[in-house]
Amino acid sequence: MKQNLFIILLFSVLFATAQPKYEVRAVWLTTLGGLDWPKSYAHDGMGIQRQQEDLCRILDQLQAINVNTILFQTRVRATTAYPSELEPWEGSLSGMPGKTPGWDPLQFAIDECHRRGMELHAWVVAIPIGKWNTIGCKTMRKWYPSLVKRIGEEGYMNPEAYGTADYIANICEEITTRYDIDGIHLDYIRYPETWKGRKYHENITRIVRNVNQRVKRYKPWVKMSCSPIGKYSNLSRYRSNGWDAYNRVAQDAQGWLREGLMDQLYPMMYFSGNNFYPFAVNWQEQSYGRTIVSGIGTYMLHPSERNWPLSEVKRQLSVTRELGVGHCHFRTKFLLDNVKGIYDYMRQTDRHPALIPPMTWAQSIAPTAPSRLDVERTAGGDNLSWSGARDNSDSPYLLYNIYASTEEPVDITRAENLIATRRTATTLSIRRKADKPMLHYAITALDRYGNESLPIHSSDKATSSVVVTALLPNDGKMLTVPLRNTFDAGLLVVCDLKGRKLRNYTNRQQINISQLPEGMYLLKSIDKKRRMHRLGIFSIKR
């Protein structure tokens, strides 16, 4: 691993890593004490409006830098940011713990995130329930005294009490069944570090397993994730220095990936140097095909914290992208305050939208493409409408991705061609000046698991009805290469639908694909000037 890490670090410094089409770009949006939001209390209609406007302003700023996942703190300290039948209201909303703010912040946040093409994951703080005499802890002590453990002045849910797993699962079930969330994100799903006595992994895993079963029973497309301590355990060459997930707090996060209890992990990697990079490699190497999203300590840039130079965060973002790992900022406020220019930097490094990696382990059959795409070209721009896509999963509705390019057909493997993601509507108006080159379009359907259909492409006509591009013919062993764009090609390249190169061939009329597994692939050619041309998509089915 040491040699691989050196190579990754070297390449990340020498070369700017291309922005990928698939990448989780997230933030933790904290409601505890209004740290990120809200900054004012809702006492009346004007207070509600102010809170809503402030949240929309935050989401607009995050959308501008192509953040695609919001971890919205929903259960705070045995208090909630929604009207729960199980726990009292969080006090940061109305100013009085237990009192309703007069509206449903979770529902509003979901609607606004979805309107911007973002996922919203309900961030559930699992074990801590606040100071001993605060409303959340007092309520738990009154109704479930056997589930509460006191350590100093703090109250915690007792991970060794069997009822704790059911109780936390009840909270997650309430959220999942009542709201159109995209994920349940468990925070502090571990023993308190100050716990006296032995810590048993199975007690924490029992909670995770119960939550997973309850959530997936109702909505299997809802992503399960958690934020473990940023170092899983000691590595062969690098020590965790006594602060890691597995040994210190009995948090077997990699085991949860292996068992299929988690779809994503957001390890809290608020470290630098050798306390960051080797452990980032370890998380990715032990991902078991699931999605790893590195928790970036953006707050460490602030002079009141560690006063990191911006170069430290830049390097971490570059290395994690080289590893195929996403990034999540802690916290939102430090990012939007542009501490040391971090917001400006993210505007450049994430200048194109990205899709969230699909949950192929849960569902891998993509929807059918839209069968009709109409483009109305006007002096002010283009009006798109489409229809005919069909879902092949159990998700409740389809979403749509829109691609645009001056080249036809539009290459949907290139992130820079994405102009809108996860839209629920089947229309889109695009402003464009008359003196700008004409744009061509492609539309794909997306199910709630993240599986993307084949594209439907526009033609040059003002308004047209088109059909999905035909697949390239093959018998599972040999593929016939189309003649277009290949007369000066020196090389043919087979890629997966994410655009990753899988195999090269010298230019010929037929190529041997017998060693490729069943699935969907993209065929491209590379000409003498090293320009790449898309030749088509083919499916291998034997």
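Numbering follows the working numbering, with no gaps: position 92 of the sequence shown is 92.
The C-beta atom is built at its ideal place from N, Cα and C for all residues, glycine as well.
Distance, V293 Cα to L265 Cα: In the sequence shown, residue 265 corresponds to position 265, counting from 1. In the sequence shown, residue 293 corresponds to position 293, counting from 1. Between L265 and V293, the C-alpha separation is close to 6 Å.
Closer than 8 Å is the cut-off here; do at least three beta carbon pairs connect the segment 236 to 248 with the segment 207 to 222? Look at the beta carbons and you see the segment 236 to 248 not touching the segment 207 to 222: under three pairs across the two are nearer than 8 Å.
Unbroken alpha helix (DSSP H) runs of length 4 or more, entirely within the segment 231 to 277: which are they? List check, alpha helix (DSSP H) in window: 245 to 249 and 253 to 259.
On a CA-only basis, which of E90, S233 and K223 is nearest L32? Give me that one, please. For the purposes of this step, residue 32 is identified with residue 32 of the sequence shown, where counting begins at 1. Ranking E90, S233 and K223 by Cα distance to L32 puts E90 first.
Beta-carbon proximity check, M359 vs Y299, cutoff 8 Å: By 1-based counting over the sequence shown, the position of residue 359 is 359. By 1-based counting over the sequence shown, the position of residue 299 is 299. With contacts defined by Cβ atoms closer than 8 Å, M359 and Y299 do not form a contacting pair.
Take I430 and list the residues in its own chain whose beta-carbon comes closer than 6 Å to its own, dropping the five residues that flank it on each side. If you number the sequence shown from 1, residue 430 lands on position 430. Contacts found: G381 and D382.
If you measure between the beta carbons of Y435 and A489, is that distance less than 8 Å? Locating residue 435 in the sequence shown gives position 435, where the first residue counts as 1. Locating residue 489 in the sequence shown gives position 489, where the first residue counts as 1. The question names Tyr, but residue 435 is Asp in the sequence shown. It is not a contact, given that the beta carbons lie outside the stated cut-off.
Does the Cβ-Cβ distance between I229 and V208 come in under 8 Å? Along the sequence shown, read from residue 1 onward, the residue named residue 229 stands at position 229. Along the sequence shown, read from residue 1 onward, the residue named residue 208 stands at position 208. Cβ atoms of I229 and V208: not closer than 8 Å.
Alpha carbon to alpha carbon, how far is G326 from G289? Give it in angstroms, no decimals. For the purposes of this step, residue 289 is taken as residue 289 along the sequence shown, with counting starting at 1. For the purposes of this step, residue 326 is taken as residue 326 along the sequence shown, with counting starting at 1. Taking the straight line from one Cα to the other gives about 14 Å.
Output needed for N210: all residues of its chain with C-beta closer than 8 Å, excluding positions within five of it in sequence on either side, in chain order. In the sequence shown, the residue the question calls residue 210 occupies position 210. When the five nearest sequence neighbours on each side are left out, the beta carbons in the same chain lying within less than 8 Å of the beta carbon of N210 are those of A165, D166, I168 and A169, in order along the chain.
Straight-line CA distance for Q316 to Q284? The residue given as residue 316 occupies position 316 in the sequence shown. The residue given as residue 284 occupies position 284 in the sequence shown. Each residue's alpha carbon lies about 14 Å from the other.
Where E202 falls: helix, strand or coil (DSSP): If you number the sequence shown from 1, residue 202 lands on position 202. In the structure shown, E202 sits in a helix (DSSP, three-state: H, G or I).
If distances are taken between C-alpha atoms only, which option among D447, P105, C137 and D60 comes closest to G34? Along the sequence shown, read from residue 1 onward, the residue named residue 34 stands at position 34. Cα-wise, what sits closest to G34 is P105.
Cβ pair L335, V27 closer than 8 Å: In the sequence shown, counting from the first residue as 1, residue 335 sits at position 335. In the sequence shown, counting from the first residue as 1, residue 27 sits at position 27. Against a cut-off of 8 Å, the Cβ pair of V27 and L335 comes out as a contact.
Expressed to the nearest angstrom, what Euclidean distance is found between the alpha-carbon atoms of V493 and E259? As a position in the sequence shown, residue 493 is number 493, starting the count at 1. As a position in the sequence shown, residue 259 is number 259, starting the count at 1. In this structure, the straight-line span from the alpha carbon of V493 to that of E259 is close to 36 Å.
Assign E119 to one of two classes, buried (16 or more other C-beta atoms within 10 Å of its C-beta) or exposed (fewer than that). Translated into the one-based positions of the sequence shown, residue 119 becomes position 119. Classification of E119: buried, given that the 10 Å Cβ count is 16 or more.
Once you ignore the five residues that flank R439 on each side, which residues in its own chain have a CB closer than 8 Å to its CB? Counting from 1 along the sequence shown, the entry for residue 439 is found at position 439. Note that residue 439 is Leu in the sequence shown, not Arg. Counting only residues of its own chain and dropping the five nearest sequence neighbours on each side, L439 has a CB closer than 8 Å to the CB of D382, A404, S405, T406, I430 and R432.
Using a 10 Å radius around the Cβ and a threshold of 16 neighbouring Cβ atoms, would you call W361 buried or exposed? Reading the sequence shown from its first residue, position 361 is the one you call residue 361. It is exposed - the Cβ of W361 has fewer than 16 other Cβ atoms within 10 Å.
Report the residue from S225, P101 and P159 whose alpha carbon sits nearest the alpha carbon of M46. For this step, residue 46 is matched to residue 46 along the sequence shown. Checking every option, the nearest Cα to that of M46 belongs to P101.
Can the beta-carbon of S304 be found closer than 8 Å to that of M262? For the purposes of this step, residue 304 is taken as residue 304 along the sequence shown, with counting starting at 1. For the purposes of this step, residue 262 is taken as residue 262 along the sequence shown, with counting starting at 1. Taking 8 Å as the cut-off, the beta carbon of S304 is found no closer than this to the beta carbon of M262.
Just tell me which of E174, Y144 and K501 has its CA closest to the CA of A161. Here residue 161 refers to the residue found at position 161 of the sequence shown. The candidate whose alpha carbon is nearest that of A161 is Y144.
According to the neighbour-count rule (16 or more other Cβ atoms, all chains shown, within 10 Å of its Cβ), is G341 buried or exposed? Translated into positions along the sequence shown, residue 341 becomes position 341. G341 is exposed by the Cβ-count criterion.
Restricting to Cα atoms, I'd like to know which of I110, T139, A126 and S240 is closest to Y180. The sequence position of residue 180 within the sequence shown is 180, counting from 1. Correcting the residue type first, residue 180 is Asp in the shown sequence and not Tyr. Residue I110 holds the alpha-carbon nearest to the alpha-carbon of D180 among I110, T139, A126 and S240.
Looking only at its chain, what residues have a beta carbon closer than 7 Å to the beta carbon of A280, apart from the 5 residues adjacent to it on each side? Along the sequence shown, one-based indexing puts residue 280 at 280. Cβ within range, chain order: M269, S294, V319, T320, L323 and V325.
With distances taken from CA atoms, which of D496, K541, L491 and N512 is nearest K529? Taking the sequence shown and counting its residues from 1, one reaches residue 529 at position 529. Taking only the C-alpha atoms, the option nearest K529 is L491.
Would you list the one or two residues that DSSP bridges to S383? Taking the first residue of the sequence shown as position 1, residue 383 is located at position 383. Note that residue 383 is Asn in the sequence shown here, rather than Ser. Note: N383 sits in a beta bridge opposite E376 and S429.
Helix, strand or coil at V325 according to DSSP, with G and I counted as helix: Translated into the one-based positions of the sequence shown, residue 325 becomes position 325. Coil.
Among E408, D496 and V67, which one has its Cα closest to the Cα of E518? Here residue 518 is taken as the residue at index 518 of the sequence shown, counted from 1. Looking at E408, D496 and V67, the one whose alpha-carbon comes closest to that of E518 is D496.
Let me check one thing: in DSSP terms, what residues is W195 bridge-paired to? The residue labelled residue 195 in the question sits at position 195 within the sequence shown. Bridge partners of W195: none, in fact.
What are the start and end residues of the alpha helix (DSSP H) that includes Y167? Your numbering for residue 167 matches position 167 in the sequence shown. Y162 to R178 is the span of the alpha helix (DSSP H), which, as asked, contains Y167.
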